[in-house]
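Encoded as structure tokens, the structure appears first; notes follow it.
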Amino acid sequence: MKTKVIVFIAVLANFLNVNAQTECTDKLSIFVELAKSKNYNDAYPALVELRKICPSFHKAIYAYGEPTIEYFIDNAKTKEEKEKFVREQMGLFDDYDKYFPDNGKGNSIKKALALFDNNVGSVQEVYKILDTTFKTDKANFTNPKALLLYFQIYVDGYEAGTQNIQLQDVFDKYDIIAEKVEEEAKVLSDAKDELLKKQDAGQALTTKEQKDFDRYESNLEAFETVATSMDAKIELLATCDRLIPFYSKSFEEKKGDAEWLRRAAQRLDRKNCSTDPLFAKISETLHALNPTAESAYNLGVSYYNKKNTTKALEYLNQSADLQKDNGKKANVYYTIAANIYGSSNKSQARSYAEKALAAQPSFGKAYLFIAQLYANSVNECGTTPFEKRAVNWLAAQTARRAGQVNSSLKATADQAASSYEQRAPTKGDIFNEGMAGKQICFKCWIGKCIMVPSL
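And the structure:
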């Protein structure tokens with residue numbers, strides 16, 4: 342009899358479980374169809390019921406629950422009603438993480454933005470959520486808007502003088518958030534560069550790859566905006582007049598702290614304070630303590646400021662060799678191209694600019710730099726006035742490439758190309774010279790050919 346009872350209970354439990362599963366399936370199907378058709382008034386009661394009786398049944402409850410509640414937030418008639426639905430949406434995000442942990446949807450960030458975007462709660466509540474998320478789940482803190490908001494609230498707290506935040510705290514916060522922004526931008530840039538290499542090899546991108554490429558570009562622009570906005574926010578706080586005495590005061594205490602030295606040198610360089618002896622002092626101490634690509638770069642800049650280009654080139658090349666980050670490697674090579682060689686040795690300058698592009702194909706400003714080198718060589722190349730002016734076509738072509746690999750440079754690239762084209766031979770010149778559709782090769786340092794436009 343005991344065995345029969347156990348079997349009966351097991352069968353009954355299984356029966357009830359199957360019925361519950363069937364009920365949840367039916368209710369979810371109805372809810373999803375209503376939400377898909379944007380019939381949110383009818384979808385909402387179905388969502389409430391699903392969250393009550395089947396909260397762990399399927400991720401679709403939360404995927405479609407978010408826009409459902411968002412509809413009521415957007416259409417709230419009063420401030421109290423709006424806050425009610427914002428808080429409900431925050432609860433939805435919490436449940437999503439509770440029943441489907443590691444979903445990677447950034448729900449904590451969404452909670453903070455829901456409060457901020459709808460002017461609900463306090464700034465301190467928003468900051469607490471962002472701060473906790475950054476410290477406990479930094480890997481998934483990838484929303485550009487949230488990163489900027491996190492920094493802005495902190496700086497505002499410093500400026501208000503009510504949060505007991507010191508200037509060093511602001512610098513530290515800037516550093517950790519800026520590093521996160523760079524980290525996310527690098528992931529996107531590396532992925533984009535792989536697709537650019539495929540294009541450069543003459544292979545067409547698939548539809549999916551083109552969509553990915555466009556997404557990478559859009560997100561890179563967003564992170565660039567964050568970086569620019571953060572720099573603007575801290576600009577008044579981090580002037581050379583303030584930074585130099587600030588770091589000078591702390592140097593003796595911190596000279597054994599490689600991370601402090603690294604960040605101090607980085608900030609002095611970014612704020613164009615690298616001509617001050619303190620920058621050289623910090624750079625040399627850092628390189629002796631922990632030689633890295635970054636410390637070698639700082640020493641290169643220091644020697645450049647001292648007019649010792651030989652030593653500067655030595656350390657900058659060392660930095661490029663040590664650098665593992667393609668974007669930073671490209672920037673080092675570009676620094677050599679633009680500052681060490683510039684227009685004094687155009688061939689070497691182009692060579693280093695091309696090294697920058699080899700490291701990072703989307704490093705568009707290298708193309709703009711090479712285009713300028715070509716345009717500045719009009720009187721050095723070509724044997725006739727027509728050929729000399731034809732160099733501008735090559736400059737224009739090169740400049741436009743900058744906008745093709747980096748959409749944020751497109752306006753600048755198009756403007757530069759248009760300027761070069763205006764200096765090139767006119768249609769009348771092409772006709773009079775009989776050069777339409779012909780090739781011109783420049784035997785000077787350029788060593789490249791250009792096709793004359795057909796009439």
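Under this note's numbering, residue 796 is the last one in the sequence shown; the count climbs by one each step, no gaps. Where is the CB? At the ideal position from N, CA and C, for every residue including glycine.
State the Cα-Cα distance for the pair residue i and residue j, rounded to the nearest angstrom.
i, j, result
"SER624", "GLY432", "50 Å"
"THR767", "ALA757", "17 Å"
"MET776", "CYS785", "20 Å"
"ASN284", "ALA532", "No answer is possible for residue 284: the residues shown for the chain start at 342 and end at 796."
"VAL511", "VAL642", "26 Å"
"ASP383", "GLU500", "48 Å"
"LEU391", "SER636", "57 Å"
"LYS687", "LEU714", "6 Å"
"THR650", "GLU535", "34 Å"
"ARG764", "ARG730", "7 Å"
"LYS393", "ASP438", "16 Å"
"VAL793", "TYR693", "28 Å"
"LYS789", "GLN689", "15 Å"
"MET571", "LEU489", "7 Å"
"LYS601", "SER591", "Note that residue 601 corresponds to Trp in the displayed sequence, not to Lys. Cα to Cα, TRP601 sits roughly 10 Å from SER591."
"LYS779", "ASN667", "39 Å"
"ASN416", "GLU562", "31 Å"
"LYS751", "GLN745", "7 Å"
"GLN701", "PRO442", "36 Å"
"ASN484", "ILE450", "8 Å"
"GLY406", "LEU388", "7 Å"
"LYS596", "THR616", "19 Å"
"SER685", "SER718", "11 Å"
"GLU774", "GLY723", "14 Å"
Which residues does DSSP pair with residue i in a beta bridge?
i, result
"GLN780", "MET792"
Helix, strand or coil: which one does DSSP assign to residue i?
i, result
"LEU663", "helix"
"ASN382", "helix"
"ASP770", "helix"
"ILE787", "coil"
"ALA653", "helix"
"ALA563", "helix"
"ALA765", "coil"
"LYS446", "coil"
"PHE372", "helix"
"CYS880", "A query on residue 880 cannot be resolved here, the shown segment of the chain reaching from 342 to 796 and no further."
"LYS669", "helix"
"ALA690", "helix"
"GLY744", "helix"
"SER760", "helix"
"THR547", "coil"
Which two residues bound the contiguous alpha helix (DSSP H) that contains residue i?
i, result
"ILE585", "581 to 595"
"THR626", "618 to 630"
"TYR440", "420 to 440"
"ASN639", "634 to 646"
"PRO408", "401 to 415"
"ALA599", "599 to 611"
Ordered list of alpha helix (DSSP H) runs contained in the stretch 693 to 736, each at least 4 residues: With a minimum length of 4 residues, the continuous alpha helix (DSSP H) runs that stay inside the stretch 693 to 736 are 706 to 716.
Within the stretch 449 to 513, ranges of the alpha helix (DSSP H) (whole runs, at least 4 residues): Within the stretch 449 to 513, the alpha helix (DSSP H) runs of at least 4 residues that lie entirely inside it are, in chain order, 464 to 477 and 485 to 501.
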